Amino acid sequence: MALTSSNDIEFRSVTKKYGALTAVSDINLSISKGAFLALLGPSGCGKTTCLRMIGGFEQPSEGTIHIAGREMNGVAAYHRPVNMVFQHYALFPHFNVEQNVAYGLRQMRPRLSRAEISRRVGEALAMVRLDGFAGRRIHEMSGGQQQRVALARAIVNRPSVLLLDEPLAALDKKLRTAMQIELQTLQRELGITFVLVTHDQEEALSMADTVCVMSAGRIRQLGAPQEIYDRPADLFVADFVGKTNRIEAVAEAGGTVLRLADGSAMSSSAHSTGGGAGVPNGKVTIAIRPEKMRMSRAAAPGPAFKGRVTHRIFLGSVTEYAVAVPGLGDFLVTEDRNGLATDNMVSPGEEVFLGFPPEAAHVFPVQQP
Amino acid sequence: MPLKPQTRHKLVTALLLGPAGLWLFFFLVLPFIAILVFSVGKRGPVGGYAPAFTFEQFANLGTRAAAFVNTLELAPVGAFSCLLVAYPVAYYLAVKVNPQRRLLLLSLVVAPFWTSLLMRTYAWMYLLGGRGIPHLLELVGIENVRLINTPGAVLLGIVYGYLPLMIMPIYVSLEKLDRKLLEASYDLGAKPIGTFFRVTLPLSLPGVMTGFALVTILLLGEYLIPQLLGGGKVFFIGNALVDLFLQSRNWPFGSAIAVTLVAVVVVILTIAMRLTWRIAGTRKVDLV
Ligand SMILES: Nc1ncnc2c1ncn2[C@@H]1O[C@H](COP(=O)(O)OP(=O)(O)O)[C@@H](O)[C@H]1O
Ligand SMILES: [Mg+2]
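Take a look at the structure:
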């Protein structure tokens, strides 16, 4: 007990199978008290399954899950100190807002007094800025408001962990951004552990303090948002979190020299390599973020490829360019306004030189089948 | 000659609704108007109908008060008994049974409709009569059990005959129930029994109401089952109507009774719908 008390949730070698399909495979994960963890991954990678196993709606096929130091295998959902905000809210259509929020409080034993219940419901509604909506029917509320009701219905019970399954997916972009900030504020105020499932990397990076990237039922990387973005553990993470340019190359001389497809070579001493270990000789993929690429009209010192701009996409604060480099493929380059003055922007069809600082390159060995 | 889109649209609508509309007009609306007219008429010298405008038929309704009371008792009691048996079956079919066997079981529920209710009621008459179950009971030493011609036999026949009509709407509304709502209830600390009474049951009420209204209304006109299994000792509105139209040929009085029955049905339906809307919380809930 004492050993695990600082962790709210622990997955110990958890595997979940649905018949022949393995949805989640050998997950080991500790979530500390008060953390805001995002489970991030493409659709079908097992995020919801993990969340549902914490909530008690699914049981692990192998391994154990511990909540607040207590093993939870076989413990029913209604006996767990966690609450969930469901993907499509799952609000009770036959109750009004107040009755929805009070539902959990009414189940508590010993019973809470009416006054206590209505006080706490009022508090929760105020917290999600829905005061004055208590008597409304659910179908009279907008999507954003329903989302807040779902949130209030969960936090009013003061769970030690709040589970959120793609809570913002159904909202439009503006509302989503506003709710991201609100959720973050709420989490800090309440001090409740949040576990958020999302397939939206922006959402995960902006809200969570720890991001757990998953694919095909496994954890690919666990870390702070900056760490995930700046030092992706593998090519999958580099690709899934943010945009990435890839260059195929061959590592030589114990991985210190990278020879590119166009014949040029670069010294690799400064490159970041996945787990920090060196790169063995053989095929590798170099990954570079678009905003780390340098584009200029004249050749600059350092590694540079000559290419031709094929598209320019003006995005407001930044501009994206697609550049075709013979022999190496297409590159995506992001320039902010300081890069090339707006009145001097490179136009499609122009010839440019691309380069990047060596420390911006991530080198991953290509898995040999 | 090409038709304008609007004309075309109207034509298609007319073709789609035409047959049913005509049918309803000739076999429901016109007869009902006839009944309304008859109900304010007088009995002809040799029976049938003589034109008049009088409410004396309605004033006479009291003479058949017993039939009304019996019917208004039988219909809800029968419907409620049906409900008690049907709900668990519908719940099992919609929630518990594995989907591969569901279709088979559903078709078994409606299978009795393949033979006529009259035949099946005769079968019950035999089963409950002296040479049926009581005879078997005698063989194992239990004597003098009387089943046929009791209120219990009538109730049994009614539940048996109307069960599918109750199961189906309840099944449909339970089937539509979002399982996530049950999970949300568990998540908020409610145990399965609490979840049933606070979530499942209220949300299946539209189906319950539909089934209840349907069976109640049909039972208001039922007279066959009480006749065959109850020994015809208790009179219902159905019996009264058969008697008035076919035997004593007092068409105006029969019409007055029929009109009153329709009025009762309308009132029951309205109350049932209002109640359902109130509980289900929205007017968008349809009655299935
Ligand atoms: N109840 C279930 N029965 C069978 N397969 C399931 C069930 N739930 C999820 N799966 C499968 O498990 C995998 C992971 O699903 P899920 O956890 O929902 O993914 P995510 O939330 O990351 O999109 C998917 O392949 C999905 O089809
Ligand atoms: Mg999911």
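Those protein sequence lines, which keep their order, are chains A and B.
In the working numbering, each residue's number is its place in the first sequence (first place is 1) plus 11.
In the working numbering, each residue's number is its place in the second sequence (first place is 1) plus 69.
Cβ coordinates follow ideal geometry from the N, Cα and C atoms, glycine included.
The model shown is predicted, which means the values in this text are computed figures rather than measured ones.
key: Val290 of chain A, DSSP secondary structure in three states   = The residue labelled residue 290 of chain A in the question sits at position 279 within the first sequence. Coil.
ask   = Applying the criterion that 16 or more other CB atoms from any shown protein chain within 10 Å of the CB defines a buried residue, is Thr82 of chain B buried or exposed?
value = As a first step, residue 82 of chain B must be located in the second sequence, where it is residue number 13. Residue environment for Thr82 of chain B: exposed (fewer than 16 other C-beta atoms within 10 angstroms of its C-beta).
ask   = Can you list, in chain order, the residues of its chain whose CB lies under 8 Å from that of Met278 of chain B, leaving out five sequence neighbours each side?
value = On the second sequence, residue 278 of chain B is found 209 positions in, with the first residue counted as 1. These residues qualify, in order along the chain: Ala341, Met342, Leu344, Thr345 and Leu356.
query = Which residues, in chain order, sit with a beta-carbon under 5 Å away from any heavy atom of ligand 1?
reply = A Cβ closer than 5 Å to some heavy atom of ligand 1 marks a residue here, and those residues are A:Tyr29, A:Ala34, A:Ser54, A:Gly55, A:Cys56, A:Gly57, A:Lys58, A:Thr59 and A:Thr60.
ask   = What are the boundary residues of the beta strand (DSSP E) that includes Lys317 of chain A?
value = Within the first sequence, numbered from 1, the residue matching residue 317 of chain A stands at position 306. Where Lys317 of chain A is concerned, the enclosing beta strand (DSSP E) starts and stops at Ala315 to Phe325.
key: Residues of the segment 235-258 of chain B with Cβ closer than 8 Å to any Cβ of chain A, in chain order   = Against chain A - using a Cβ distance shorter than 8 Å - the residues of the segment 235-258 of chain B are Asp247, Lys249, Leu250, Glu252, Ala253, Ser254, Tyr255, Asp256, Leu257 and Gly258.
Extent of the continuous alpha helix (DSSP H) to which Met218 of chain A belongs = Position 207 of the first sequence holds residue 218 of chain A. Here the alpha helix (DSSP H) through Met218 of chain A covers Gln212 to Met218.
Own chain partners of Ile294 of chain B with C-beta closer than 7 Å, once the 5 adjacent residues on each side are dropped = Sequence index remark: in the second sequence, residue 294 of chain B carries index 225 (1-based). Beyond the five residues adjoining it in sequence on each side, Ile294 of chain B comes within less than 7 Å, by CB distance, of Thr190, Val223, Gly226, Ile227 and Gly230 in the same chain, given in chain order.
task = State the DSSP-derived secondary structure class of Met278 of chain B, mapped to helix, strand or coil.
result = If you number the second sequence from 1, residue 278 of chain B lands on position 209. Met278 of chain B: helix per DSSP, three-state reduction.
inquiry  = Can you list, in chain order, the residues of its chain with a C-beta nearer than 8 Å to that of Ile202 of chain B? Leave out the 5 residues immediately preceding and following it.
reply    = Counted from its first residue, the second sequence places residue 202 of chain B at position 133. Leu196, Val214 and Leu216.
inquiry  = Any beta carbon from chain B within less than 9 Å of Asn168 of chain A's own beta carbon?
reply    = Sequence index remark: in the first sequence, residue 168 of chain A carries index 157 (1-based). Yes, contact with chain B.
task = Could you work out which residues of chain E lie near Gly115 of chain A, taking near to mean beta carbons separated by less than 9 Å?
result = Reference to chain E is not applicable here, since the protein chains of this structure are A and B.
Residues of its chain near Ala163 of chain B, where Cβ-Cβ distance is below 7 Å and the 5 sequence neighbours each way are ignored = Taking the second sequence and counting its residues from 1, one reaches residue 163 of chain B at position 94. Excluding its 5 nearest sequence neighbours in each direction, Ala163 of chain B has C-beta neighbours in its own chain below 7 Å: Tyr240, Leu243 and Glu244, listed in chain order.
message = If distances are taken between C-alpha atoms only, which option among A:Ser124, A:Pro178 and A:Asp142 comes closest to Phe97 of chain A?
response = Residue numbering aside, residue 97 of chain A sits at position 86 when the first sequence is read from its first letter. Phe97 of chain A has its Cα closest to that of A:Pro178, out of A:Ser124, A:Pro178 and A:Asp142.
query = Lys303 of chain A lies in the alpha helix (DSSP H); which residues open and close that run?
reply = Taking the first sequence and counting its residues from 1, the one referred to as residue 303 of chain A is at position 292. Unbroken run through Lys303 of chain A: none, as it is neither H nor E.
Contact list for Gly263 of chain B against chain A, beta-carbon separation under 8 Å = Position 194 of the second sequence, counted from the start, is the residue given in the question as residue 263 of chain B. For Gly263 of chain B, the chain A residues whose Cβ falls inside 8 Å of its Cβ are Gln118, in order along the chain.
7 Å Cβ cut-off: residues of chain A touching Val268 of chain B = For the purposes of this step, residue 268 of chain B is identified with residue 199 of the second sequence, where counting begins at 1. Going along chain A in sequence order, the residues near Val268 of chain B (Cβ under 7 Å) are Phe103.
request  = For Leu272 of chain B, decide whether its Cβ has a neighbour in chain A, counting only Cβ atoms nearer than 9 Å.
outcome  = Within the second sequence, numbered from 1, the residue matching residue 272 of chain B stands at position 203. For Leu272 of chain B, the answer is yes, since a Cβ of chain A falls inside 9 Å of its Cβ.
ask   = Does the separation of the CB atoms of Arg329 of chain A and Glu302 of chain A fall below 9 Å?
value = The residue you call residue 329 of chain A lines up with position 318 of the first sequence. The residue you call residue 302 of chain A lines up with position 291 of the first sequence. A small correction: the amino acid at residue 329 of chain A is Val; Arg does not occupy that position in the sequence shown. Closer than 9 Å, so yes.
ask   = What in chain B is Cβ-close to His99 of chain A, meaning under 9 Å?
value = To locate residue 99 of chain A, count along the first sequence from 1; it is residue 88. Within 9 Å Cβ-Cβ: Asp247 and Lys249.
request  = Flag Val93 of chain A as yes if its beta-carbon sits less than 9 Å from any beta-carbon of chain B, otherwise no.
outcome  = For the purposes of this step, residue 93 of chain A is identified with residue 82 of the first sequence, where counting begins at 1. Chain B, which has a Cβ nearer than 9 Å to the Cβ of Val93 of chain A, makes this yes.
query = By DSSP, does Cys223 of chain A sit in helix, in strand, or in coil?
reply = In the first sequence, the residue the question calls residue 223 of chain A occupies position 212. Cys223 of chain A falls in the strand class under three-state DSSP.
query = Which first and last residues belong to the alpha helix (DSSP H) in which Lys184 of chain A is found?
reply = On the first sequence, position 173 is the one that residue 184 of chain A refers to. Taken as a continuous stretch (DSSP letters only), the alpha helix (DSSP H) holding Lys184 of chain A covers Lys184 to Leu201.
message = Using 8 Å as the cut-off, can you tell me whether the segment 84-97 of chain A makes contact with the segment 149-165 of chain A, which would need three or more C-beta pairs spanning the two stretches below that distance?
response = Contact holds: three or more Cβ-Cβ distances are below 8 Å.
request  = Measure the CB-CB distance between Gln158 of chain A and Ile149 of chain A and report whether it falls below 9 Å.
outcome  = For this step, residue 158 of chain A is matched to residue 147 along the first sequence. For this step, residue 149 of chain A is matched to residue 138 along the first sequence. No, they are not a contact pair.
ask   = Got a sec: is the Cβ-Cβ distance from Phe451 of chain A to anything in chain B below 9 Å?
value = The structure shown does not extend to residue 451 of chain A, since chain A spans only 12 to 380, so no value can be given for it.
message = Beta-carbon within less than 7 Å of Ser36 of chain A's beta-carbon, same chain only, minus the 5 sequence neighbours each way: which residues are those?
response = Numbered from its first residue, the first sequence carries residue 36 of chain A at position 25. Cβ neighbours of Ser36 of chain A beyond the five flanking positions: Thr26, Gly228 and Arg229.
message = Quick check: is the beta carbon of Ala88 of chain A nearer than 9 Å to any beta carbon in chain B?
response = The residue you call residue 88 of chain A lines up with position 77 of the first sequence. Cβ-Cβ to chain B under 9 Å: yes for Ala88 of chain A.
message = DSSP three-state label for Thr33 of chain A, please.
response = Sequence index remark: in the first sequence, residue 33 of chain A carries index 22 (1-based). It is a strand residue.
task = Please go through the segment 179-230 of chain B and give each complete beta strand (DSSP E) segment of 3 or more residues, from N-terminal end onward.
result = The qualifying runs do not exist here; there are none.
ask   = With contact counted as at least three CB pairs below 8 Å, one residue from each stretch, are the segment 172-190 of chain B and the segment 314-326 of chain B in contact?
value = Too few Cβ pairs lie closer than 8 Å, so no.
ask   = Using a Cβ-Cβ cut-off of 8 Å (strictly less than) and excluding sequence neighbours within five positions of Leu338 of chain B, which residues of its own chain qualify?
value = Along the second sequence, one-based indexing puts residue 338 of chain B at 269. Closer than 8 Å at Cβ, skipping near neighbours: Ala282 and Ile286.
message = Pop quiz: Phe364 of chain A and Ala311 of chain A are said to be a contact at Cβ under 8 Å. What is the actual Cβ separation, rounded to whole angstroms?
response = Within the first sequence, numbered from 1, the residue matching residue 364 of chain A stands at position 353. Within the first sequence, numbered from 1, the residue matching residue 311 of chain A stands at position 300. Indeed they touch by this definition, with Cβ atoms about 6 Å apart.
message = Can you look up Gly366 of chain A in the DSSP assignment and give me helix, strand or coil?
response = Mapped onto the first sequence, residue 366 of chain A falls at position 355. Gly366 of chain A falls in the strand class under three-state DSSP.
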